[in-house]
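Chemist:
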Amino acid sequence: MATKKKSDSKADAALYHELLHSMLLQRRFEERAAEAYALGKIGGFCHLYIGQEAVSTGTQSALRSDDYVITTYRDHGQALVRGVPPRAVMAELFGRVDGCVHGKGGSMHMFDSSVNFLGGHGIVGGHIPLATGVGFAIKYRGGDQVCVCYMGEAAVNGGAFHESLNMAGLWKLPVIYVIENNKYGMGTAIERASSIKELYKRGGSYSIADATVDGQDVLAVRETMAEAVERARGEQTASLIEVQTYRYVGHSMSDAASGTYRTKAELEEYEKRDPINLFRAVMQKAGMLTDAEYAKMDEQIKAAVQDAWDFADNSPEPPLEALYEHVLAETASDVLVEA
Amino acid sequence: MPVITYRDALHDALREEMQRDDRVFLIGEEVGVYNGAYKVSKGLLEEFGEMRVVDTPITELGFAGLGVGSAMVGLRPIVEFMTWNFALLALDQVVNAAAKMLYMSGGQYNIPIVFRGPNGAALQLGAQHSQAWESWLAHIPGLKVITPGTPYDAKGMLKSAIRDENPVCVLEGEMLYNTRGEVPDGEYLIPLGKADLKREGEHCSIITNGKMVLVALQAADQLAKDGIRVDVVDLRTVRPMDVEAIGESVKKTNRAVVLEEGWEIAGIGAQVVDYIQRDCFDYLDAPVVRVHQADVPMPYAKNLEKAAKPDAAKTIAAVRKVMYLD
């Protein structure tokens, strides 16, 4: 037993280091994205993920590489955790040819088919039916993959959410809908927008298993997600998970972190439960992490993000001929030949 | 050659393509147990089962998006809208998801999907059930938009649409489903983006599409009695549009009438006229005249509806006008 416990704790330590690394990478990446935006290297809308890192890391750590992930326009963190290289994400933000969609998408539209990352989508709720369709396709093919669909809490009041959950419940589709409840849809507090405060309860309206979890606790998020994944793979049923989190920055780069719709005091209160600090403390208490090890990890991550920045900065702009590329796909001529 | 209805031509196209490729499935309201609101999918549930012929709740946005999502990961959905009038609820999925996915994913996710259903006015269905959508859809890069007007075109073009790697909007017609025409046995395909000269003449070109092809042919028959022989150019596909076919006809006849089912402003005809003025300016003997729906929501009363719709008489008057006969 002692041996088994030892190997378990070794495996735990490796996993915990991965989780911490994953969260810290997102944090450092987004801090530099904010800097690049201020310098004018990133244009358009830019929605940062700072504060919510345990959601992407915790949920995605329970997935397989052949599962599918689809998300909203707040997608940098989700893309990084899914395995889109930091260089490709940063180059996309810079609007360069080496970006993950070659400069066609920008901050809100990261895609990478090599890791089944089905994109960042810009219309609130618009991607939820797409996830339902991915679940339908998995069932159609008889596979045991799952599709995870992230959304902000504001999306649950729109028709797309309800239409999707109804079909997923009706047809038992392996989709896990994850509400990242960061409390504000842009500047509107969820209490001012939803007639139901416990958003996960909406799953019950559609016979979908529901759960809620502390989104600042990466292990709790992972555990809740693992249960949903098991349901999806085993019984091919959908789940709705409400993850309680908070964003430490404005809705996008164009608004202040606090001052209008929320107070500085509220922000500071939530910052006390920073997911990275909380998990770092857990690891230190368990003897898995020293200050020196953390500092080293942080240094390596900062170097990797700097490398992504340099790569993006040196990547060329897309060639002008790319303007008309990928409007339509070629249809193979052999399928169009008359039999 | 066998003569069959437009409805059966569509049915045969669906059936043949579902037999050919098991990634193809049909989804929409009443497509299965009910055999289709207009019976286009009759018998398909029995033949292919409920995973491939999927009855949905009344939830256009939801099932259109479901189709797009399934197409992202390898299926080839055919989404039936009971009518395109209901598809307005799903337009976010058609425009923001299906049409833009390939481009905004940098070429990674093409969407091989067909959105199909009846378009435009039938008889006395009132304002909300009587609208022609082709100009809305044709406006969007990333979509193909087809409007077959005959059974022959319906079968060959729907088959091509199902095999296409892009989103294709198929605009059918409630008033077309019972029309009959020659359709050969066995498989044939009609390429998308190619117009068809439905009638050959010399005095004037009538350029049209969809349900209005039959109206144009009626007008052509009447005009022929007075010795006026017209070209009837059936665009068949309104995006991409066969600009060459328009130019070829107008350069021959030197006069053009553009006939469409929908409204005037920013309509398909406006685009056709733009192509004509660009390519055929020096060939024109008269200003181009357009025939279209009156600029009002469709009324219910029989006489008002008739007055609102484009028809053969209005088309004949337009031809006579461009020929300076009246």
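If you're matching them up, the sequences are chains A and B in order. In this text, residue positions in the first sequence follow our numbering: the first is 24, and each later residue adds one. In this text, residue positions in the second sequence follow our numbering: the first is 1486, and each later residue adds one. For glycine and all other residues, C-beta sits at the position ideal for the given N, C-alpha and C.
On the DSSP bridge list, what partners appear for T1722 (chain B)?
Modeler: Per DSSP, B:I1631.
Chemist: Just how far apart, CA to CA, sit A327 (chain A) and P109 (chain A)?
Modeler: Computed Cα separation, rounded: 8 Å.
Chemist: What distance in whole Å lies between the Cβ atoms of E1650 (chain B) and P1597 (chain B), which are believed to be in contact at a cut-off of 8 Å?
Modeler: At roughly 5 Å, the Cβ-Cβ gap stays under 8 Å, so P1597 (chain B) and E1650 (chain B) are in contact.
Chemist: Whole-angstrom Cβ separation of G118 (chain A) and G129 (chain A), contact assumed at under 8 Å?
Modeler: Correct: roughly 6 Å between the Cβ atoms.
Chemist: Using 9 Å as the threshold, is the C-beta distance between F436 (chain A) and A331 (chain A) below it?
Modeler: Because chain A in this structure spans residues 24 to 362, residue 436 (chain A) falls outside the shown range and cannot be described.
Chemist: How do the stretch 1698-1707 of chain B and the stretch 1671-1684 of chain B stand: do at least 3 beta-carbon pairs fall below 8 Å, yes or no?
Modeler: Contact holds: three or more Cβ-Cβ distances are below 8 Å.
Chemist: Would you say P99 (chain A) lies against chain B (beta-carbon separation less than 9 Å)?
Modeler: For clarity, residue 99 (chain A) is His in the given sequence; the question names Pro instead. No, its Cβ sits nowhere closer than 9 Å to a Cβ of chain B.
Chemist: For the ligand NAP, any of its heavy atoms closer than 8 Å to the Cβ of E115 (chain A)?
Modeler: Absence of the ligand NAP is noted for the structure shown, with no ligands found whatsoever.
Chemist: Pair every Cβ in the stretch 211-227 of chain A with every Cβ in the stretch 251-258 of chain A, then say whether three or more of these pairs are closer than 8 Å.
Modeler: Not touching, per the Cβ criterion.
Chemist: Using the Cα positions of G100 (chain A) and V201 (chain A), report the straight-line distance between them to the nearest angstrom.
Modeler: G100 (chain A) and V201 (chain A): Cα-Cα distance of roughly 15 Å.
Chemist: Let me see if you follow: with CB-CB separation under 9 Å, is F68 (chain A) close to chain B or not?
Modeler: Taking Cβ atoms only, chain B never reaches closer than 9 Å to F68 (chain A), which makes this a no.
Chemist: Out of A:F140, A:V157, A:L47, point me to the one whose CA is closest to A1549 (chain B)'s CA.
Modeler: A1549 (chain B) has its Cα closest to that of A:V157, out of A:F140, A:V157, A:L47.
Chemist: Under 9 Å between C-beta atoms, does N189 (chain A) make it to chain B?
Modeler: Yes - at least one Cβ of chain B is within 9 Å of the one on N189 (chain A).
Chemist: Who are the neighbours of T155 (chain A) on chain B, taking C-beta pairs under 8 Å?
Modeler: Simply G1547, G1550, L1551, G1554.
Chemist: For A1582 (chain B), return the contacting residues in chain A, with the cut-off set at a CB-CB distance below 9 Å.
Modeler: Near A1582 (chain B) (Cβ distances below 9 Å), the residues of chain A are H144, I146, G149, H150, P152, L153.
Chemist: Taking only three categories from DSSP, how would you classify I1692 (chain B)?
Modeler: Strand.
Chemist: Under 9 Å, do H132 (chain A) and D98 (chain A) count as touching if we go by C-beta distance?
Modeler: Contact: yes.
Chemist: Hey, I1761 (chain B) and L1720 (chain B) are a contact pair by Cβ (cut 8 Å); roughly how many whole angstroms apart?
Modeler: So it is not a contact: roughly 13 Å between Cβ atoms.
Chemist: For M1586 (chain B), I'd like the list of residues in its chain whose CB is within less than 6 Å of its CB, leaving aside the five on either flank, ordered along the chain.
Modeler: Same-chain partners within the cutoff: Y1594, I1596.
Chemist: Check the DSSP bridge columns for Y207 (chain A) and list the partner residues they point to.
Modeler: DSSP output for Y207 (chain A) lists A:A212 as bridge partner(s).
Chemist: For F385 (chain A), name the three-state secondary structure that DSSP assigns.
Modeler: For chain A, the structure presents residues 24 to 362; residue 385 (chain A) sits outside this window and is missing.
Chemist: Of all the options A:A56, A:S281, A:D297, which has the alpha carbon lying nearest to the alpha carbon of D237 (chain A)?
Modeler: Here the closest residue by C-alpha is A:D297.
Chemist: Look at the alpha carbon of V1804 (chain B) and the alpha carbon of Y1662 (chain B), and state the distance between them as a whole number of angstroms.
Modeler: Answer to the nearest angstrom: the Cα atoms are 28 Å apart.
Chemist: For Y173 (chain A), I'd like the list of residues in its chain whose CB is within less than 7 Å of its CB, leaving aside the five on either flank, ordered along the chain.
Modeler: T94, T95, Q101, V201, E203, listed in sequence order.
Chemist: Pick helix, strand or coil for I264 (chain A), following the three-state DSSP scheme.
Modeler: The answer is strand: DSSP assigns I264 (chain A) an E or B state.
Chemist: Would you kindly work out how many angstroms separate the C-alpha atoms of G1559 (chain B) and G1552 (chain B), rounded to a whole number?
Modeler: Approximately 11 Å, taken between the alpha carbons.
Chemist: Alpha carbon to alpha carbon, how far is A183 (chain A) from K27 (chain A)? Give it in angstroms, no decimals.
Modeler: Here the model assigns K27 (chain A) a pLDDT of 48, short of 50, so the residue's position is not dependable, and the following value carries that caveat. Going from the Cα of K27 (chain A) to the Cα of A183 (chain A) covers about 48 Å.
Chemist: Would you mind sorting K33 (chain A) into buried or exposed? The rule is 16 or more other CB atoms within 10 Å of its CB.
Modeler: K33 (chain A) comes out exposed.
Chemist: Spatial neighbours of G1658 (chain B) within its chain, please: CB distance less than 7 Å, with the 5 preceding and 5 following residues excluded, ordered by chain position.
Modeler: Cβ neighbours of G1658 (chain B) beyond the five flanking positions: P1603, N1604, G1605, G1695, K1696.
Chemist: In chain order, what residues of the same chain lie with their CB nearer than 6 Å to the CB of R1537 (chain B), ignoring the 5 residues before and after it?
Modeler: Only F1510 meet the Cβ criterion.
Chemist: With DSSP as the reference, identify every bridge partner of R1665 (chain B), one or two as the case may be.
Modeler: The partner list for R1665 (chain B) (beta bridge, DSSP) reads B:T1490.
Chemist: The alpha helix (DSSP H) with P20 (chain A) in it runs from where to where?
Modeler: Past the boundaries of the shown model lies residue 20 (chain A); chain A is included only from 24 to 362, so the question cannot be answered.
Chemist: With V1774 (chain B) as the anchor, note down where its beta strand (DSSP E) starts and where it stops.
Modeler: Note, V1774 (chain B): beta strand (DSSP E), 1774-1776.
Chemist: Secondary structure at P1636 (chain B), three-state DSSP: helix, strand or coil?
Modeler: Three-state DSSP puts P1636 (chain B) in a helix.
Chemist: Measuring straight from C-alpha to C-alpha, what distance separates I1801 (chain B) and Q1707 (chain B)?
Modeler: Taking the straight line joining both Cα atoms gives about 8 Å.
Chemist: Among residues of its own chain, excluding the 5 on either side of V112 (chain A), which ones have a beta-carbon nearer than 8 Å to its beta-carbon?
Modeler: Correct list, in chain order: F52, H99, A102, L103, G122, C123, M133, A331.
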